[in-house]
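What follows is a set of notes on a single structure, which appears directly below.
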Amino acid sequence: MSTGASETLLESEPIDAGGESAAEIAARSPLELFWRRLRRDKVALVSLGIVLFMVFVAIFAPLIVKLFGFPDPNTQNENLLSDFGQPTGPSGAHPFGVDSRGRDILSRVIYGSRVSLEVAFIATALIVIIGVTAGLVTGYYRGKVDTGISRLMDLFLAFPVLVLAVGLGVACADGCLGGVIQPGLMVVIFVITLTTWPYMARIVRGQVLSLREREFVEAARSLGASDRRIIFKEILPNLVAPIIVYATVLIPQNILYEAALSFLGVGVDPSKPSWGAMISDATDIFQDAWWFMVFPGLALLITVLAFNIVGDGLQDALNPRTSK
Numbered sequence: 260m261s262t263g264a265s266e267t268l269l270e271s272e273p274i275d276a277g278g279e280s281a282a283e284i285a286a287r288s289p290l291e292l293f294w295r296r297l298r299r300d301k302v303a304l305v306s307l308g309i310v311l312f313m314v315f316v317a318i319f320a321p322l323i324v325k326l327f328g329f330p331d332p333n334t335q336n337e338n339l340l341s342d343f344g345q346p347t348g349p350s351g352a353h354p355f356g357v358d359s360r361g362r363d364i365l366s367r368v369i370y371g372s373r374v375s376l377e378v379a380f381i382a383t384a385l386i387v388i389i390g391v392t393a394g395l396v397t398g399y400y401r402g403k404v405d406t407g408i409s410r411l412m413d414l415f416l417a418f419p420v421l422v423l424a425v426g427l428g429v430a431c432a433d434g435c436l437g438g439v440i441q442p443g444l445m446v447v448i449f450v451i452t453l454t455t456w457p458y459m460a461r462i463v464r465g466q467v468l469s470l471r472e473r474e475f476v477e478a479a480r481s482l483g484a485s486d487r488r489i490i491f492k493e494i495l496p497n498l499v500a501p502i503i504v505y506a507t508v509l510i511p512q513n514i515l516y517e518a519a520l521s522f523l524g525v526g527v528d529p530s531k532p533s534w535g536a537m538i539s540d541a542t543d544i545f546q547d548a549w550w551f552m553v554f555p556g557l558a559l560l561i562t563v564l565a566f567n568i569v570g571d572g573l574q575d576a577l578n579p580r581t582s583k
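Heads up: the sequence shown begins at 260 in the working numbering, then just goes up one per residue.
What follows is the structure in C-alpha cells.
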C-alpha cells in the first residue's frame, strides 16, 4: 500500500476511540480497524447477512426450488386458478400463491433474485472498470484528454437516466452493435452500464485531481517514477475506499434500474422471472390478487434496502469522519 493510503487510514481514525490510546490504534492493521468499526454497526451487519442470504438464494435457486418441492417457475397449471380463472392466494402448497397463469409465485421470486443480482453485479463491475479508468485518465493527464472525456460525460449526464435507458432498451430490443449485444440480459446490462459509468468517472476524477497534488505523489514524481507507476501504485490504492463505497450504492441502484426496465417491458426475456416484470403483470389484478405484486415487491424492497444500509455501514467504517 502506498504512503498516501496509509496516511489516509491513520488520519481517518480518531485519536481516542473507545478509550484506547493512539499507540494501540496505530498497532492495528487497516483491515483490523475497518472490521472493528464495521462490527459496531449492528444494523449494517444484519443487512450484510440479508445480502449474503439473497446471494445464496440466487446462486442455488434451482436446488432450493427442487429441495422444497416447489414447481418450476415457468410451469403453468390452470387447475390452480379459481373457478372464475383468477389466481389463488397463499396456501400450504404455494406459500406465496399463484399468478394469473397458475405459476408458483415463490418459485418465480426465488428465480427472480438471480436475474436482479446477475444484472446488478455484472453492470456494477463494468461501470467500476470503465468509470475508474476514465476518471484516472482525465484526472491525472488533464488537457485535451480531460476535456474530451469530460464533455462526453456531460453529454450522458444531461439526459434523464431512466428515459435514456428506456430509449436504448427499445433500440436494442433485437440486439446492438452488429449482434455483439444480444437481446435479453446483455441488453439490460449494456444499457445500465452505458448510462451510469459517467457518475463513477466523475467521482474518481475529483479524487484524482486532489491526490495528484499530494506530497507523496510529488515525491514519487521527483524520484523519476513513471506516470503508470504513480497512477497504479500511488493514486489507485487511495481510491479503493471511495470505489468500494460507491459500488455498494450502484448495486441497489442497478437492481432498481433492471426492475424499472422490466416493468416497462424493455427488460429481460419475458420467459425469465424478473421482479420488475412480475410487478408489472400484477398491476391489472392487484385488487383481486394482492399477493401477486406484494411478494416480489417485498423481495425488491428488502434487497435494495439491505444493500443501501450495507453501503452506509461500509462508508462509516472506511471513513469514520463521515459519521460525525
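Here a beta-carbon is modelled for each residue, glycine too, at the ideal position from N, C-alpha and C. Remember, it's a predicted structure, so these values are computed and weren't measured experimentally.
query	result
C-beta atoms of A379 and I561 nearer than 8 Å	no
4-residue-minimum alpha helix (DSSP H) runs that sit fully inside the region 445–501, ordered along the chain	474–481
I386 versus Y505, I544 and R295, residue with shortest Cα-Cα distance	Y505
Cβ contact (3+ pairs, closer than 8 Å) linking the region 390–409 and the region 493–500	yes
One or two residues paired with D363 in a DSSP bridge	V357
Run of the alpha helix (DSSP H) containing W534, from where it starts to where it stops	W534 to A541
Whether F566 touches I494 by CB criterion (8 Å)	no
Where K531 sits in the DSSP three-state scheme	coil
Through-space distance from D331 to W549, alpha-carbon basis	22 Å
Supposed close pair Y399, R488 - CB separation, criterion 8 Å	Not confirmed; about 12 Å, so no contact.
Pair within 8 Å by beta-carbon distance, G371 and S539	no
Limits of the alpha helix (DSSP H) - the one that I323 falls within	A320 to L326
A317 classed as buried or exposed, judged by whether at least 16 other C-beta atoms fall within 10 angstroms	buried
The region 544–558 contacting the region 338–355, beta-carbon criterion three pairs below 8 Å	yes
Proximal residues to L523 (C-beta, below 7 Å), its chain only, five neighbours per side dropped	V425
I389 vs T452 beta-carbon contact at 8 Å	yes
Outcome for S341 when other beta-carbon atoms lying within 10 angstroms are tallied against a minimum of 16	exposed
Unbroken alpha helix (DSSP H) run spanning R298, endpoints	P289 to R299
Contacting residues, own chain, Cβ-Cβ under 8 Å from R367 (five flanking each side not counted)	P332, D358, P532, M537 and P555
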